[in-house]
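The opening residue of the sequence shown carries number 1164 in this note's numbering; numbering runs sequentially from there.
All C-beta atoms in this analysis are idealised placements derived from N, C-alpha and C, irrespective of residue type, glycine included.
Please read the structure below before turning to the comments.
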Amino acid sequence: MNLLIENATILTVDPQDTVLSNASLAISGNRIVGVGLAPEGFVADRVIDGTDQIVIPGLVNGHTHIPMALFRNYADDLPFWPWLMERIKPAEEHLSPEHVRAGAQLGVLELLQGGVTSFLDMYFFMDQVAAAVEESGIRACLCGGLLDVAGLGEALFKAATDLHDQWHGRADGRITVYLGPHSMYLCSPPYLQEAAQEARTRGIGLHLHLSESRQEVLDSQEHYAKSPVQHLADLGVLERPTAAAHCVHVDAVDQRLLAEHRVRVLHNPTSNLKLANGFAPIPQMLEQGICVALGTDGHASNNNVNLFEEMHLAALIHKGSQEDAEAVPAQMALRMATWNGAQAMGLEEEIGSLEVGKKADVVVLDARRPHYWPKHNPVAAVVYSAQAGDVRYVLVDGKLVVEDYEVRTLNVSETLAQGEALAQDLVRRAHA
């Protein structure tokens, strides 16, 4: 299908951060073929009037655990370690493929309605997440979670490599697969090295948690006499393309190692705030040229997967914590939620910006709403004013998956009902 969006404000997030007014975006099949003007001879099968609309690249959720939609509003107002070990892990012991499928469908529904076209995910029973991705039309980089505890290491490793064998490149290329060693505190050094070697053999990257809490750093210093970042670097883990979630407690030495190894840092401001883990030194990392993307983390530590909230927070909290109004400007926050997220997924040549030749992952925001007026600066409007409910159209791979605010690829009422039923079932099992 040839689709034309015309008369719109377009935030391209290209290398020059080009902003176009009264402009068109032309899409043929799954590719962008015109930005600003349609190419000569282009005939549209469908035209979307972009008057008073803002067009942006599809948002990328760089770190989440999407089946944890079942845990929304379940374990709130708790410190990190009791939250994880006393509430979340005991419930996760009762997870079944059916739970994960229902949670994934519920979470993906929310992602699409909020303008997220791609996400980087780590969890269990990931074949169920892959099936939900294939069905819904969203794009994802999926990782089987690897834990070297309670005798689970071997089985989880097999599940993670099976996921790659069976799903990498599926769904017209919308599904890619990394390996997901959870963290240095739930994976032994040999297990981490095995994961890195397997990723090297398969030519894929790693997705893990890193230096999220002060306790993690203190424990690493006690056991290994080095920080978690230094520990992974010495093990050779960071030699692989690595997407590292959180990186809250990283000192100057850690930051240099992250920069040297070109680690993609996945910043989760809401989760870090809610679990009281502190403020990641994002301005300092950006100054060193580290690619910082945005994530929501799972619903248990965020309660939603709203990238507009994450952009807003990322642009604000560092101004306050640094006492610097120029820290993380709006354009950088938008880039963190788009092109930098594409880098974390290893897809920066394909998605993350609106440029000719790239895949058509596109979001149209309804800027007729009062919070966009007056129209001084559309980038500031997206980062500081826009709401997830403003998402009117979403295209993934050139296909309309959200039209006039409604997801077309999932049965909304069935998804909500099944998510509720399976969430209550999981809680009952956890407390039986």
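Exposure label - residue i; buried when at least 16 CB within 10 Å
i     : result
N1318 : This sequence places Ala at residue 1318; Asn is not what is there. A1318 comes out exposed.
Y1354 : buried
Q1451 : exposed
R1427 : buried
W1536 : exposed
M1448 : buried
V1416 : exposed
G1515 : buried
E1249 : exposed
M1164 : exposed
P1202 : exposed
L1605 : Residue 1605 is absent from the model: the chain starts at 1164 and stops at 1595.
K1538 : exposed
V1575 : exposed
V1206 : exposed
A1189 : buried
Y1351 : The question names Tyr, but residue 1351 in the sequence shown is Ser. So S1351 counts as exposed.
V1210 : exposed
G1461 : buried
P1541 : buried
R1235 : buried
S1184 : exposed
E1379 : buried
9 Å Cβ cutoff, residue i in contact with chain C
i     : result
Y1237 : The chain inventory of the structure shown lacks chain C, comprising one protein chain alone.
Residue i (DSSP reduced to helix, strand or coil)
i     : result
L1633 : What is shown of the chain runs 1164 to 1595, which leaves residue 1633 out entirely.
P1220 : strand
D1212 : strand
N1435 : helix
S1281 : strand
G1332 : coil
S1299 : helix
T1339 : strand
S1484 : helix
L1429 : strand
V1411 : coil
T1572 : coil
G1316 : helix
Y1237 : coil
G1582 : helix
H1226 : strand
P1446 : helix
D1588 : helix
W1536 : coil
A1595 : coil
P1253 : helix
D1460 : coil
V1468 : coil
S1351 : coil
G1266 : helix
V1206 : coil
One or two residues paired with residue i in a DSSP bridge
i     : result
I1173 : L1183, V1218
P1344 : L1309
I1453 : Looking at the DSSP assignment, I1453 forms no beta bridge with any residue, so it has no partner.
A1189 : L1167, G1197
V1554 : L1528
T1324 : Answer is none; T1324 lacks a bridge partner.
Y1286 : G1307
Report the residue ranges of all alpha helix (DSSP H) runs contained in full by the region 1488 to 1529; include only those spanning at least 4 residues, in chain order.
1493 to 1499, 1502 to 1507
Pick out the complete beta strand (DSSP E) segments inside the region 1354 to 1408, 3 residues or longer, and give them in chain order.
1369 to 1373
Pairs of beta-carbons, one from the region 1214 to 1222 and one from the region 1566 to 1580, closer than 8 Å: are there three or more?
no
Does the structure place the region 1229 to 1243 close enough to the region 1253 to 1268 that three or more beta carbon pairs sit under 8 Å?
yes
With a threshold of 8 Å, are at least 3 pairs of Cβ atoms found where one atom belongs to the region 1302 to 1316 and the other to the region 1578 to 1591?
no
The region 1369 to 1383 touching the region 1320 to 1339, judged by at least three CB pairs closer than 8 Å:
no
Decide if the region 1508 to 1523 is in contact with the region 1468 to 1477; the criterion is three or more beta carbon pairs, one per stretch, under 8 Å apart.
no
Touch test, the region 1556 to 1567 against the region 1268 to 1282, Cβ-Cβ under 8 Å, three pairs minimum:
yes
Stretch-stretch touch, CB-based, cutoff 8 Å, three pairs: the region 1390 to 1404 with the region 1420 to 1434
yes
Quick test of the definition: if touching needs 3 or more C-beta pairs under 8 Å, does the region 1479 to 1499 touch the region 1438 to 1448?
yes
Between the region 1525 to 1533 and the region 1454 to 1466, do at least 3 Cβ pairs fall closer than 8 Å?
no
Are the region 1244 to 1258 and the region 1541 to 1548 touching by the rule of at least three beta carbon pairs closer than 8 Å?
no
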